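Undergrad: One structure is given below, represented as structure tokens, and several questions about it will come after.
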Amino acid sequence: MSKNDDTEEKQLPPSQIKLNRLKREGQVAHSKDVPAAASVIVISGFLILAHSWIYQSASSFFDFPLTILPEHTIIVPKDRLAATLYAAADQVSNLIMAPLLLGLAAALVSAIIDGEGLLMSMKNMAFDLGKLNPAQGLKNIFSLSSLSEFLKGLVKCIVMLITGAATLLYFMNALFWAPLCGVAECALGLSASVTNTLMVIIAIILVVTAGFDIRISRALFRHEHRMTKTEAKREQKEMYGSPEVRSARHRIGAEIRSGPPSKVTPDKK
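What follows is the structure, encoded as structure tokens:
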């Protein structure tokens, strides 16, 4: 883009040629809420489908400290202590790593789908001194995309706080009476119910916001990469040639089509 394009007002939407060039450079419209929604949905589904395995793992994890103590002595053998701690660490790692890896895989796949493929460009990895410009940084802070992200985050926080408070109020009576049941199964079962309910609510909220964010991100991307009239003319010239040459071709073609047909005489031998 030339210096004249920076001062000229951008009034035209980006052409498909410019969008394809931006895609080759690794710049596409993408939604930040789509990977988050996909990961939360996968993690919520895992927690709901594997609740029995999670319940058994959590119960056995709390039972491990009791298995360390021997029956008639206060000295714990080192091999027994090491085996018990290893089993407890294995249970904790399984409980944490399984949903974490599933959520990470879901976020990666959804980001690739939302970006219309795996985009790799060395241009984004190159060092750019323009990114260190304070004026450009302030411009990005108060840009339309930053304002949109702030408003979306504010709305999501308010909705999640309201729904989270409503969920806790719904389970408040059970939470107060859970310690009086006398067994750990009550607390674990109630914790699982509250966690699953909150995860499902958060997943629904993120899916709804992701649907709006896809349209908003597409519109903001096209608005950010609008074209000036000079840029559009230069693009047409690079694609189809000079306007003067094209008009001359059209004029010559029109003259040939409107002219009388030439008579072809047989060659005389």
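Per this note's numbering, the very first residue in the sequence shown carries number 0; after that it's consecutive.
Every residue, glycine too, gets a C-beta built ideally from N, C-alpha and C.
None of these values were measured; they are calculated from a predicted model.
1. Just the C-alpha distance for Leu101 and Lys9, rounded to the nearest angstrom, thanks.
2. Which residue wins for smallest C-alpha separation from Ile200, given the options Lys17, Glu7, Asn19, Ala36?
3. Alpha carbon to alpha carbon, how far is Ile95 from Arg233?
4. Per the contact definition of three or more C-beta pairs closer than 8 Å, is the stretch 9–23 in contact with the stretch 215–229?
5. My assumption, with CB atoms under 8 Å, is that His29 sits in contact with Ser144. Please give the rounded CB distance.
6. Which residue marks the beginning of the alpha helix (DSSP H) containing Arg20, and which one marks its end?
7. Pop quiz: Leu46 and Ile53 are said to be a contact at Cβ under 8 Å. What is the actual Cβ separation, rounded to whole angstroms?
8. Among Thr162, Phe211, Ser92, which has the Cα closest to the Cα of Lys31?
9. On a Cα-Cα basis, can you pick out the residue from Val206, Ala173, Trp176, Ala186 that is closest to Met159?
10. Name the DSSP bridge partner or partners of Met226?
11. Quick one: Cα of Arg23 to Cα of Phe175, how far?
12. Within a Cβ cutoff of 6 Å, which residues of the same chain sit near Ala231, ignoring the five residues on either side of it in sequence?
13. Using the C-alpha atoms, what's the distance from Leu189 back to Cys156?
14. Residue ranges of each alpha helix (DSSP H) run of no fewer than 4 residues wholly in the stretch 144–188, ordered along the chain?
15. Count the other CB atoms within 10 Å of the CB of Ile111; is the residue buried (16 or more) or exposed (fewer)?
16. What residue range is occupied by the uninterrupted alpha helix (DSSP H) comprising Val33?
TA: Let me lay it out:
1. 43 Å
2. Ala36
3. For Ile95 and Arg233, the distance between alpha carbons rounds to 55 Å.
4. yes
5. At roughly 12 Å, the Cβ-Cβ gap does not stay under 8 Å, so His29 and Ser144 are not in contact.
6. 15–23
7. 7 Å
8. Phe211
9. Val206
10. Leu11
11. Distance between the alpha carbons of Arg23 and Phe175 is about 58 Å.
12. Leu11
13. 25 Å
14. Qualifying alpha helix (DSSP H) stretches, in chain order: 171–176.
15. That one is exposed.
16. If you look at Val33, you'll find it in the alpha helix (DSSP H) that goes 32–48.
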